[in-house]
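Undergrad: Residue numbers (this note's numbering): 4 to 157.
Here a beta-carbon is modelled for each residue, glycine too, at the ideal position from N, C-alpha and C.
Quick caveat: nothing in here was measured; it's all calculated off a predicted structure.
Would you mind keeping the following structure in view while I ask a few things?
And the structure:
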């Protein structure tokens with residue numbers, strides 16, 4: 004039995020994972036660099052201090068929050084990249100196990116794990132969940148060699 008559908012869905016999921024890894028990495032690198040720029044920080048600090056609706060104490064608290072946000076942005080971004088890489092690894096393992104109908108149940112488990120690490124309801128995870136369901140539901144054809152013998156038995 005050919006498992007072309009599962010392999011194609013796995014490859015599409017892997018391509019989406021690679022795209023997500025690249026985009027999130029670029030976002031984290033460029034976003035962290037822009038937010039940590041000294042000129043940007045100075046302009047933002049001046050704007051907050053010049054705002055007549057904010058007191059000096061509130062402006063300092065807001066600037067402290069921005070610094071924490073910048074650090075948190077980098078940490079969460081890199082954690083997302085690591086999760087996408089783990090998802091890609093599970094996805095590739097699923098493709099390897101489902102190709103040539105080697106271990107379709109194990110491939111289904113790998114696709115589910117890859118979908119979880121790709122994000123619970125992202126497009127990549129939905130594709131991987133469909134591939135996993137196909138791995139679990141489709142059965143190998145049963146051969147009835149004993150029923151169709153041409154020999155006569157008495």
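I'd like the span of the alpha helix (DSSP H) that includes residue 24, first residue to last.
TA: Looking at the DSSP string, the run of the alpha helix (DSSP H) that includes residue 24 is 7-38.
Undergrad: Give me the Cα-Cα distance between residue 6 and residue 103, rounded to the nearest whole angstrom.
TA: Near 7 Å, if we compare the C-alpha coordinates of residue 103 and residue 6.
Undergrad: State yes or no: is the C-beta of residue 98 within less than 9 Å of the C-beta of residue 23?
TA: No, the pair does not count as a contact, with Cβ atoms beyond the cut-off.
Undergrad: For residue 119 versus residue 90, is the C-beta distance shorter than 9 Å?
TA: Yes, the Cβ-Cβ distance between residue 119 and residue 90 is below 9 Å.
Undergrad: With H, G and I counted as helix, E and B as strand and the rest as coil, what does DSSP make of residue 49?
TA: Looking at residue 49 - three-state DSSP - the assignment turns out to be helix.
Undergrad: How about residue 114 and residue 83: do their beta carbons lie closer than 9 Å?
TA: Result no, Cβ atoms of residue 114 and residue 83 do not sit closer than 9 Å.
Undergrad: Can you tell me whether residue 55 is helix, strand or coil according to DSSP?
TA: Three-state result, residue 55: coil.
Undergrad: Nearest-angstrom Cα distance between residue 21 and residue 57?
TA: Taking the straight line joining both Cα atoms gives about 44 Å.
Undergrad: I'd like the span of the alpha helix (DSSP H) that includes residue 142, first residue to last.
TA: Run containing residue 142: none; DSSP gives neither H nor E here.
Undergrad: Drop a sphere of 10 angstroms on the beta-carbon of residue 121, count the other beta-carbons inside from all chains shown, and report buried for 16 or more, exposed for fewer.
TA: The residue is buried, with at least 16 neighbouring Cβ atoms inside 10 Å.
Undergrad: Given residue 87, which residues of its chain have a CB within under 8 Å of its CB, disregarding the five upstream and five downstream residues?
TA: Counting only Cβ-Cβ distances below 8 Å, and skipping sequence neighbours, we find 20, 23, 24, 27, 120, 121.
Undergrad: Among 143, 133, 139, which residue has its Cα nearest to the Cα of residue 11?
TA: Considering only alpha carbons, the answer is 133.
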